[in-house]
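Report on the structure given below.
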């Protein structure tokens, strides 16, 4: 399946669909759509289209299908694996969903919100909040990430422990298929066993099977009680034991359990304005424990107190503080969310977004640390993440004084070392961010042939012309 | 795609795979595999195979693929839509998973259990319990339903409100594909965004894409506190308002919210030994409220007391009782689970397994009641179910003294009336039970052409020879 380079006449035809103001061709206009946040990938495009209606998306894909023009859907351009970036040296047309940003309906009784795919995640959170409800998806880039992208990557974030990934937060979808046909799957049902699960196939497909244009998302009652504790621990083993204790004692009230290393606390307090270490003592590891309840404000306090007392009795924690106000809760979360940005001023960082079975976290961390320190003596490992989900952002900052470019040049070599250990523990090389271009060839190596074959068959069944985001997730054939 | 009638030689070849003791051909031996629980469908088969290993399933499907022999996977034969029953007048070979019933592994720290598809649901529940954990899937037929069937129909049951359907309870699958190839997707990861969601495609596919042979299922901490209340209400509107109150006040501690009509209480107390009306007063509607917490036994009591007080203040309930022991909790649940069996002694019952958006329940019920009573004056509507999921088992008992067969003869006519109202409210004609043979033609009528087309393309992509459970879910072509 080879896609074509659009002729000037074809560019004119695409432009007529969205109007000249929303068809960008100049290099300075298209530049923001061509590079992803880490700067690892830079794409090329003759044309960025910004449709303002689902019908326009449909007409664009009809024309693209007929002319075999490759289309790259893009939301907030916050993805980390270059799934949203056009291929370099090809002529992919970028389809930005940014103007499809209307909240179509909100039903607090039915606990659903219906929104265009181009809505910014923070705007969905705010609309829910304004209606006395919670939309729990929360992640670092929520101020610019758009929900179509969150859906296309099955986004996770910090609330997965209690509320699940995007697949668990979505009831229905509207998708424009590669032919331009519109699948109206905007259902609001919690139970519906009528045929194959098309919804979950489009979610996480990274725009390779169609363009998500709208979604029905679940809302939840706002918790009455919320409390955050911050504890210092001596080891990852103790963090896992504490997580088990917390799961039993808090049940579904446990809405966050995040691991951070001492190095991460040092980086954030050093580089992020307003971040302070809440403890006077220093510890090898830290966890942020978030508890939410519907019963009362006091109940969250009580649950977290019980947990910390039990943990102290068991010798699982060295020290702990409880936030004394909602502002203090936010400050602790801000520290956690600053882990990645705080690495930037420390030079190059080689990143991994991996998961392993929860009970394998300590073994994985010990083995990966040993292997990385052997490969790069002096490397500064800043591994943090969602212990309850088995999801570790295993990031490695360059040795002090090392050459940044030389260090970053070892990205794939170090990935290979860490991913081998992940796979040994039956883990995932992409827990949250997806495959995109960054991990496509690696996926092809690690997955059994039959699984790749099934994925290719699905791709062909949905997109026989091969125009939908080619070269992402799967190899072109 | 036409499948063949197996020759005596082919039957011998299949028999060699499983051994003669596990290849049934005599009418009395095969009879139990040919009729579903309600007796609506009776199938025919030349051969029932009972493999004892995944490798045998693989060899059966290899041979079936090569010879175009239709295969019908069957678990506990408890399905309600005849998805597990071979077609009448064809020569489908039944593949029973009943001997694949080994629990492969249980990891209480990682909170997973790995089991063969033929394990009985109650055995999984018990294994979890023995290890201090909860496997929450719970449904009437749990003593004989097997988890492969639960997975293939994305089973729901009474705990969906808090724990979700089978899709939410499954982390990984092992599937034998129509070619006999084995897909090892037995992952234990809570987060894994590496390609298309094959798992959720096999779940709910009713055995039309492959044979599920093993699964990794999620376990949960056992709640410390559990309490059940039973309340009498004047209307479905009040039940919905009470559900909203309960959602806000209990949050995830709300683990059940079941609606029952007065008629259901009369039927169960009349026909089911040991069921007694716990209240001296009589009410048009009842709800069972189930609360579970991890904090303490007292906390469940406190939460349910708070809720009932708030509901009484708002005038939402006419009367209520709280179970005074775990045995009393069980007795209230037993009443709820006896709703359907208690209809049997009352004569014929026309059933619907439908869902609507939660906020549409009162309107749906009022409209359906009016339409049914017009069509069949004297019909006794016994609609009950999972309010929080929008899922109503809208069952209709025959008028007193009516002819049972004549009444049941109007099954499809009444279905059409009720389903039209369901669809008007954007509901589902099969909330829990699936499509099978019973609702296949109706699905083809109500779904948009493009959706049926996408499902057919998936079917062809996975099963080009058309041997996997043909004629179920989708029409043969």
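Chains as they are written, first to last, in the numbering used here: chain A, 5 to 481; chain B, 5 to 481. Built from N, CA and C at the ideal position, the CB exists for glycine as well. Just so you know, these numbers come straight off a predicted model, no measurement behind them.
>> Quick test of your reading: residue 260 (chain A) and residue 149 (chain A), contact by CB under 8 Å. State the CB separation rounded to the nearest angstrom.
In response: No, residue 260 (chain A) and residue 149 (chain A) are not in contact; Cβ-Cβ is about 19 Å, not under 8 Å.
>> Can you look up residue 137 (chain B) in the DSSP assignment and give me helix, strand or coil?
In response: strand
> Could one say the Cβ of residue 198 (chain B) lies closer than 7 Å to chain A's Cβ atoms, at least one of them?
Replying inline: Output row for residue 198 (chain B): interface = yes.
> Can you tell which of B:197, B:195, B:194 and B:175 has the C-alpha that lies nearest to the C-alpha of residue 188 (chain B)?
Replying inline: Here the closest residue by C-alpha is B:175.
> Mind pulling the chain C residues with CB within less than 8 Å of residue 433 (chain B)?
Replying inline: Given the protein chain composition of this structure (A and B), no chain C is represented.
>> I'd like to check one pair, residue 106 (chain A) with residue 56 (chain A): are the Cβ atoms closer than 7 Å?
In response: no
> How far does the alpha helix (DSSP H) with residue 178 (chain B) in it reach, from first residue to last?
Replying inline: Counting along the chain, residue 178 (chain B) falls outside any alpha helix (DSSP H), though it belongs to the beta strand (DSSP E) covering 174-180.
> What did DSSP end up calling residue 152 (chain A) once you bin it into helix, strand or coil?
Replying inline: helix
> Whose Cβ in chain B lies nearer than 8 Å to the Cβ of residue 110 (chain A)?
Replying inline: None at all; the shortest Cβ gap to chain B is about 12 Å.
> What's the C-alpha gap between residue 422 (chain A) and residue 385 (chain A)?
Replying inline: So the two alpha carbons sit approximately 12 Å from each other.
> Along chain A, which residues have their Cβ under 7 Å away from the Cβ of residue 192 (chain B)?
Replying inline: 361 and 430
>> Please list, in chain order, the residues of the segment 435-451 of chain A that have any C-beta partner in chain B closer than 8 Å.
In response: Those would be 435, 436, 437, 438, 439, 443, 447 and 451, in chain order.
> In whole angstroms, what separates the C-alpha of residue 220 (chain B) from that of residue 119 (chain B)?
Replying inline: 7 Å
>> Which residue wins for smallest C-alpha separation from residue 79 (chain B), given the options B:125, B:455 and B:459?
In response: Nearest option by C-alpha distance: B:125.
>> Would residue 437 (chain A) and residue 357 (chain A) qualify as a contact pair, given that the criterion is a beta-carbon distance under 7 Å?
In response: yes
> From this set, A:224, A:345, A:362 and A:48, which residue's C-alpha is nearest residue 9 (chain A)'s C-alpha?
Replying inline: The shortest C-alpha separation from residue 9 (chain A) is found at A:48.
>> Looking only at its chain, what residues have a beta carbon closer than 6 Å to the beta carbon of residue 246 (chain B), apart from the 5 residues adjacent to it on each side?
In response: 315 and 320
> The beta strand (DSSP E) spanning residue 100 (chain A) covers which residue range?
Replying inline: Looking at the DSSP string, the run of the beta strand (DSSP E) that includes residue 100 (chain A) is 97-100.
> Which word fits residue 109 (chain A), buried or exposed, when buried means at least 16 other C-beta atoms lie within 10 angstroms of its C-beta?
Replying inline: exposed
> Are there 16 or more other CB atoms within 10 angstroms of the CB of residue 54 (chain B), so buried, or fewer, so exposed?
Replying inline: buried
>> Using only the alpha-carbon positions, how far apart do residue 214 (chain B) and residue 200 (chain A) sit?
In response: Computed Cα separation, rounded: 13 Å.
> If you draw a straight line from the C-alpha of residue 36 (chain B) to the C-alpha of residue 30 (chain B), how long is it?
Replying inline: 11 Å
> Taking buried to mean at least 16 other C-beta atoms within 10 Å of its own C-beta, is residue 324 (chain B) buried or exposed?
Replying inline: buried
> Nearest to residue 292 (chain B) by CA position, among B:269, B:322, B:273 and B:337, is which residue?
Replying inline: B:337
>> Rounded to the nearest angstrom, what separates residue 286 (chain A) and residue 191 (chain B) at their Cα positions?
In response: 37 Å
> Where do the N-terminal and C-terminal ends of the alpha helix (DSSP H) with residue 341 (chain A) fall, by residue?
Replying inline: 330-341
> Are the C-beta of residue 3 (chain A) and some C-beta of chain B separated by less than 7 Å?
Replying inline: For chain A, the structure presents residues 5 to 481; residue 3 (chain A) sits outside this window and is missing.
> According to DSSP, which residues form a beta bridge with residue 385 (chain A)?
Replying inline: A:400
> Who does residue 265 (chain A) pair with in a DSSP beta bridge?
Replying inline: A:289
>> For the segment 43-70 of chain B, list every residue whose C-beta sits within 9 Å of some C-beta in chain A, in sequence order.
In response: none
> In chain A, which residues lie less than 7 Å from residue 205 (chain B) when you measure between Cβ atoms?
Replying inline: 200, 201 and 205
>> Taking the alpha-carbon of residue 16 (chain B) as reference, which of B:97, B:360 and B:121 has the nearest alpha-carbon?
In response: B:97
> Is the beta carbon of residue 193 (chain A) less than 7 Å from the beta carbon of residue 152 (chain A)?
Replying inline: no
> How many whole angstroms separate the CB atoms of residue 419 (chain A) and residue 353 (chain A), which I take to be in contact at a CB cut-off of 8 Å?
Replying inline: So it is not a contact: roughly 13 Å between Cβ atoms.
>> Rounded to whole angstroms, what is the Cα-Cα separation between residue 202 (chain B) and residue 341 (chain B)?
In response: 33 Å
>> Any C-beta of chain B within less than 8 Å: which residues of the segment 167-179 of chain A qualify?
In response: 168, 169, 171 and 172
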